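Here's the structure we're looking at; comments come further down.
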Amino acid sequence: MAVNVHELVLGALLHDIGKFVQRAFGSTKELPWKNYDMESTLCPTDKHQRYTHRHVLFTSAFFDLMKEKAVRFPEGVDIDRVAEIASFHHRPESASNPSLAWMVALADRYSSGMDRRSEEEGTGEGRSREAYRRLPLRCIFDEVIISDREKPVKPHAYRLAPLDPFSEETLVPVPWEGERASLPNDYARLWAGFEKDYLRLTSSEAELSPVLFEECLLGLLERYAWAIPSSTIDIPDISLFDHMRTTAAIAVCLYRFHEERDELQDLRAINDENHPKFRFLAGDLSGIQSTLFTLEHQGVKSVNKILRARSFMLAAIVESGAIQAVNAMKLPRSCIVQQAGGRFLILTPDTPGTPAVVENLRKKFDSWLLNNYSGSLALNLALSDPFAGEEFKNDGFQSVYQQLLKAVEEAKQRPLSSCRQGVIRQEVPFDRSCSACGNRPAQGGEDREFRCNTCDREARVGGKLPRAALYAWAPGNLSVAKSEDVLGLRLLLCASGEALGDNKRFLSIRSLNPKGREFFWAPRMIANYVPRFEQAAQANEPRYAGLAEEDFQAEENALKTFGHIGAEALEAEDDGRTFKGKPFLAVLKADVDRLGYIFSHGLRRKEKDSRFTLSRLAQLSRMIDLYFAGYLQGLLKREFPDTYTVYAGGDDLLFIGPWRQSLSLALRIEETFRNYTGSSPHITISAGLSIIHPNHPINRAVDEAEKRLDNAKAAGRNCITALISRPMTWQRYKERLAEAEWVNTQLNGPEPVSTGFVYRILEIAADVEAVDAGDTRRAGWRAKLAYHLARNIRGKTNEEKNARIGEWLKRLGLDNMLRLTRGQSSLSDWRLPISIALYRNR
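Here our numbering runs 56 ahead of the position in the sequence shown, where the first position is 1.
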């Protein structure tokens with residue numbers, strides 16, 4: 057019986073599982089004799105005729121162990137054939153089906169971007185014989201270099217533990233200290249958890265289709281192998297998980313390419329590394345921000361639900377597109393190399409029918425998006441030029457990726473290009489327009505609460521999201537109760553304990569932000585954290601007394617409205633029942649600097665030394681997305697529970713929160729991102745922050761935050777622009793937040809200064825900024841400052857008064873006013889701390 061593609065996928069996915077087993081159990085002496093006796097069959101030899109790559113013996117032993125435990129693979133998948141594909145990738149000529157073993161062998165090399173090594177793992181110079189078990193995974197961000205002027209990055213490594221997407225302890229790398237004596241024991245514990253979950257996955261109770269089995273196996277491997285180095289010969293910076301999944305993607309593309317040409321048994325054709333066999337298919341969703349904030353007015357009923365659902369639905373559109381693309385090209389989930397932040401990247405075979413398949417998908421997607429979003433949203437598809445296996449290695453892959461980026465940019469210039477008619481805005485009578493978006497016709501009645509089909513779908517999804525534990529995709533022609541149509545597939549959201557029914561009818565089943573450690577369905581990190589009341593009675597706290605009536609009708613007495621969130625910025629007076637400050641919201645927007653350049657040029661150890669490979673691309677993308685979609689959600693729950701997540705994923709975020717707390721949140725994001733990336737100076741983040749009243753249009757505040765983010769980028773990146781239009785470095789911002797606290801104490805201390813005096817300082821700071829810009833007419837600010845200081849600063853004695861004035865001058869950077877010339881004062885930066893203090897005391 058011929059090997060089917062599912063067996064090839066599983067064999068490629070598990071081809072290096074022996075490395076995990078080997079590091080958990082140690083030397084080959086731990087192997088059963090029958091596996092040890094396979095050394096001459098499975099292992100290659102070096103120039104001294106010594107056997108190398110003994111981890112394949114453990115791969116073989118793994119499958120024997122699974123057979124002893126009577127594991128069940130999906131129907132139609134034979135475990136013996138999977139075992140042979142996985143075990144013979146270093147001696148493919150010895151396999152009973154050498155063609156498939158050669159495909160995995162080539163994929164193994166292409167994934168890491170190099171030819172097969174002849175050295176034994178762990179025998180590098182200066183390393184112990186146990187190095188293969190004691191070397192941790194290096195931080196992938198250490199490999200990013202965008203400027204040779206920066207000091208070399210100190211190396212970092214990850215802890216060996218199951219992946220916890222919300223945990224700082226798990227995700228933040230620690231300084232590299234070489235070999236760790238504790239790692240063998242950590243491997244043993246890690247393996248025990250993996251084996252338990254793997255046996256559950258392959259039990260008779262699971263009854264999964266091959267597609268769902270692969271998806272669950274990918275989730276299982278990510279959880280347990282994300283921090284395992286795939287190789288310890290070179291710098292161990294590629295995770296075993298990312299190496300195995302990209303190996304599977306390449307192997308299947310080889311299979312489909314040669315299947316199309318009837319060459320599955322032609323070893324010469326399979327080993328031809330110069331013939332173009334591969335392409336990339338990229339999907340890029342454009343129009344996200346304009347679609348996200350299309351609201352008729354700020355008082356839209358259920359605005360929180362709609363915004364929450366829109367963010368989720370935009371990500372769902374991308375996921376639906378990726379699933380349909382791999383299904384149309386008969387590819388496994390492993391071929392989705394990247395899926396985050398409104399984009400997906402799929403490795404495909406270069407077959408004659410590939411362009412036609414992509415064109416059919418484009419027509420289908422364009423039609424659905426035009427009908428549902430009236431031309432504001434487009435999923436742009438782009439195919440790279442064909443490339444050969446040889447181009448996975450050395451500098452060739454970088455050229456392939458750069459050409460793909462160019463194709464994506466060209467596709468974005470032609471959104472909805474397959475539509476025969478132009479995109480014309482519909483004229484909708486005022487009393488018939490959607491009460492939520494105002495752009496599309498309402499359905500079902502004359503009441504202004506009636507919505508268009510798209511906004512109504514978003515409201516339903518937004519209501520389900522807070523309770524959803526998992527979601528499932530079904531074919532578009534399948535009738536699934538309570539499901540929603542998303543780009544032609546059916547999406548079903550299920551609460552915890554809600555039955556799915558026959559899971560084989562689904563194309564995908566994912567767990568939403570799993571909180572426990574029990575594994576089954578593959579997790580999907582969706583940033584959907586929203587502030588909630590722990591108890592319904594909290595909605596009646598005094599700080600909410602001035603809110604509109606609708607704000608007291610919190611959804612199920614649990615979710616906070618924007619009115620509640622803004623009120624969290626208020627500060628209680630001593631009586632605990634009166635509050636000061638302004639109940640404003642802050643819109644915080646941030647993204648990673650130079651990410652496109654980092655992906656296309658930044659993965660290198662030194663000038664002209666490329667480290668850009670498919671596995672590194674997949675790993676770098678996954679780890680950046682994990683920070684935004686996973687880690688930050690944990691940060692919000694721990695430290696900023698009143699912050700509303702509009703979206704966070706890929707390489708950017710948009711949060712809405714109480715304005716005062718959001719100022720600190722911005723700083724914590726920079727601090728945690730710096731720690732997450734190993735304090736690398738080559739990968740930084742910039743932000744923009746604006747404030748609004750809860751009843752004002754959010755889209756305007758988002759536009760303002762976007763402009764401020766652009767200002768921060770223009771100022772050299774690694775900056776923030778908050779409240780005022782002047783960008784500043786993160787260090788300067790941290791100092792100014794501390795100064796804001798000091799000004800606040802001066803306004804509320806035993807001998808407080810007046811708010812009028814602080815306003816005068818704000819005006820003088822504006823004068824300094826004007827002088828710095830060349831306006832000499834306002835150069836008299838020194839005299840004005842001296843006058844206001846002398847008039848408003850009080851003290852019991854002249855010495856105390858002079859000391860307080862001196863403290864103000866020192867804080868303002870003006871301790872020696874006589875030596876100041878243009879550009880020497882930092883007083884203009886004081887517009888930020890003074891503005892903060894004034895907002896807090898209004």
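Backbone N, C-alpha and C fix where the C-beta goes; we use that ideal spot for every residue, glycine too.
Note that the coordinates shown come from a computational prediction; the quantities given were computed from them, not determined experimentally.
Exercise for review: Name the two residues that bound the continuous alpha helix (DSSP H) containing E791.
Suggested key: The residue labelled residue 791 in the question sits at position 735 within the sequence shown. Per DSSP, E791 belongs to the alpha helix (DSSP H) from 786-804.
Review point. Which residues in the same chain as G637 place their Cβ atom closer than 8 Å to its Cβ, once the five residues preceding and following it in sequence are excluded?
Key: Reading the sequence shown from its first residue, position 581 is the one you call residue 637. A625, L626, E627, R716, Y895, R896, N897, R898.
Point to revise | Among G544, Y527, V702, L277, the one whose alpha carbon lies nearest that of L534 | key: Here residue 534 is taken as the residue at index 478 of the sequence shown, counted from 1. Taking each of G544, Y527, V702, L277 in turn and checking the Cα distance to L534, the smallest one comes out for G544.
Check your understanding: Can D340 and N428 be called in contact, C-beta distance under 8 Å?
Key -> On the sequence shown, residue 340 is found 284 positions in, with the first residue counted as 1. On the sequence shown, residue 428 is found 372 positions in, with the first residue counted as 1. No, the pair does not count as a contact, with Cβ atoms beyond the cut-off.
Review point. How would you write the range of the alpha helix (DSSP H) that T347 sits in, first residue to last?
Key: Taking the first residue of the sequence shown as position 1, residue 347 is located at position 291. 344-348 is the span of the alpha helix (DSSP H), which, as asked, contains T347.
Point to revise | Cut-off 7 Å between Cβ atoms - residues of its own chain near A163, not counting five sequence neighbours on either side | key: What you label residue 163 is simply residue 107 of the sequence shown in a count that begins at 1. Excluding sequence neighbours, A163 sits near A68, T303, I306, A307, L310.
Practice item. Please name the residue, chosen from A757, D647, R867, I680, that lies closest to A768 on a Cα-to-Cα basis. Key: Stepping through the sequence shown from its first residue, residue 768 is reached at position 712. Nearest C-alpha to A768: D647.
Review point. Shortest alpha-carbon distance to L688 belongs to which of L710, G409, Q675?
Key: By 1-based counting over the sequence shown, the position of residue 688 is 632. If we check each option's Cα against that of L688, L710 comes out closest.
Check your understanding: Which term fits P88, buried or exposed, when burial requires 16 or more other beta carbons within 10 angstroms of its beta carbon?
Key -> As a position in the sequence shown, residue 88 is number 32, starting the count at 1. Exposed, since its Cβ has fewer than 16 Cβ neighbours within 10 Å.
Check your understanding: What residues in its chain sit with their C-beta under 7 Å from that of K419, if we drop five residues either side in the sequence?
Key -> Taking the sequence shown and counting its residues from 1, the one referred to as residue 419 is at position 363. Only S474 meet the Cβ criterion.
**Study point:** Span of the beta strand (DSSP E), counted from its first residue to its last, around F711
**Key:** In the sequence shown, the residue the question calls residue 711 occupies position 655. That run of the beta strand (DSSP E) goes 708-714.
Check your understanding: What residue from P405, G169, P148 has the CA that sits closest to A161's CA?
Key -> Taking the first residue of the sequence shown as position 1, residue 161 is located at position 105. The residue with the shortest Cα to Cα distance from A161 is P148.
**Study point:** Cα-Cα separation between P240 and L337, rounded to whole angstroms
**Key:** Translated into the one-based positions of the sequence shown, residue 240 becomes position 184. Translated into the one-based positions of the sequence shown, residue 337 becomes position 281. Distance between the alpha carbons of P240 and L337 is about 40 Å.
Review point. What first and last residue would you give for the beta strand (DSSP E) that runs through Y527?
Key: The sequence position of residue 527 within the sequence shown is 471, counting from 1. Note, Y527: beta strand (DSSP E), 524-530.
Practice item. Have a look at the DSSP bridge pairing and note the partners of G705. Key: One-based indexing of the sequence shown puts residue 705 at position 649. G705 pairs with D708.
Review point. Is the beta carbon of M784 less than 8 Å from the beta carbon of G686?
Key: Here residue 784 refers to the residue found at position 728 when the sequence shown is read from its first residue. Here residue 686 refers to the residue found at position 630 when the sequence shown is read from its first residue. No, the Cβ-Cβ distance between M784 and G686 is not below 8 Å.
Exercise for review: Work out the CA separation of I712 and Y700 for me, nearest whole Å.
Suggested key: As a first step, residue 700 must be located in the sequence shown, where it is residue number 644. As a first step, residue 712 must be located in the sequence shown, where it is residue number 656. Cα-Cα distance, rounded: 5 Å.
**Study point:** As assigned by DSSP and simplified to three states, the class of P598
**Key:** In the sequence shown, counting from the first residue as 1, residue 598 sits at position 542. P598 falls in the helix class under three-state DSSP.
Check your understanding: Using a Cβ-Cβ cut-off of 8 Å (strictly less than) and excluding sequence neighbours within five positions of P899, which residues of its own chain qualify?
Key -> Since the first and last residues shown for the chain are 57 and 898, residue 899 lies out of range.
**Study point:** Own chain, CB closer than 6 Å to A796, minus 5 neighbours either side, in chain order
**Key:** The residue you call residue 796 lines up with position 740 of the sequence shown. Answer for A796: P889, I892, A893, listed in chain order.
Review point. Would you report the Cα separation of V228 and S720, rounded to the nearest angstrom?
Key: Your numbering for residue 228 matches position 172 in the sequence shown. Your numbering for residue 720 matches position 664 in the sequence shown. When rounded, the distance between both Cα atoms is 20 Å.
Exercise for review: Decide yes or no for the touch test of the segment 554-564 against the segment 393-410: beta carbon pairs closer than 8 Å, at least 3 of them.
Suggested key: The segment 554-564 makes no contact with the segment 393-410: fewer than 3 CB pairs, one atom from each, lie closer than 8 Å.
Review point. Beta-carbon separation of V586 and L549 under 8 Å?
Key: As a working note, residue 586 is residue 530 in the sequence shown. As a working note, residue 549 is residue 493 in the sequence shown. Cβ atoms of V586 and L549: not closer than 8 Å.
Exercise for review: Drop a sphere of 10 angstroms on the beta-carbon of T108, count the other beta-carbons inside from all chains shown, and report buried for 16 or more, exposed for fewer.
Suggested key: What you label residue 108 is simply residue 52 of the sequence shown in a count that begins at 1. That one is buried.
**Study point:** Candidates R165, Y188, D253, of which the one nearest W577 by Cα
**Key:** Against the sequence shown, residue 577 aligns to sequence position 521. Its Cα nearest to that of W577, the residue D253 stands out among R165, Y188, D253.
Check your understanding: By DSSP, does H111 sit in helix, in strand, or in coil?
Key -> One-based indexing of the sequence shown puts residue 111 at position 55. H111: helix per DSSP, three-state reduction.
Point to revise | Classification of S155 by the beta-carbon crowding that lies within 10 angstroms, buried from 16 upward | key: In the sequence shown, the residue the question calls residue 155 occupies position 99. When all chains shown are included, S155 counts as buried.
Exercise for review: Output yes or no for whether 8 Å exceeds the beta carbon distance between L257 and Y280.
Suggested key: Counted from its first residue, the sequence shown places residue 257 at position 201. Counted from its first residue, the sequence shown places residue 280 at position 224. No. Outside cutoff.
Review point. What residue from H212, V127, L64 has the CA that sits closest to H145's CA?
Key: As a first step, residue 145 must be located in the sequence shown, where it is residue number 89. When only C-alpha atoms are compared, the closest one is L64.
Practice item. Identify whether V230 lies in helix, strand or coil by the three-state DSSP scheme. Key: In the sequence shown, counting from the first residue as 1, residue 230 sits at position 174. Note: V230 maps to strand in three-state DSSP.
Review point. Apart from the five residues on each side of it in sequence, which residues of its chain come closer than 7 Å, Cβ to Cβ, to K840?
Key: As a working note, residue 840 is residue 784 in the sequence shown. The beta carbon of K840 sits closer than 7 Å to the beta carbons of I820 from its chain, once the five residues preceding and following it are set aside; these are given in chain order.
Practice item. Within its chain, find whatever has a CB closer than 8 Å to the CB of R399; leave out the 5 residues flanking it on each side and keep chain order. Key: Your numbering for residue 399 matches position 343 in the sequence shown. Result list for R399: A338, G339, D340, L341, V374, G706, in chain order.
Check your understanding: Taking the alpha carbon of G397 as the point to measure from, which residue in A770, L370, R860 has its own alpha carbon closest?
Key -> Numbered from 1 along the sequence shown, position 341 holds the residue referred to as residue 397. The candidate whose alpha carbon is nearest that of G397 is L370.
Point to revise | Option in P388, S259, L66, D93 with minimal Cα separation from K125 | key: As a working note, residue 125 is residue 69 in the sequence shown. Checked all of P388, S259, L66, D93; the closest Cα to K125 is S259.
Exercise for review: Look up G744 in the DSSP assignment and say whether it is helix, strand or coil.
Suggested key: As a position in the sequence shown, residue 744 is number 688, starting the count at 1. Strand.
Review point. Residue range of the alpha helix (DSSP H) that R389 falls in?
Key: To locate residue 389, count along the sequence shown from 1; it is residue 333. Premise fails: R389 is in no alpha helix (DSSP H) and is neither H nor E.
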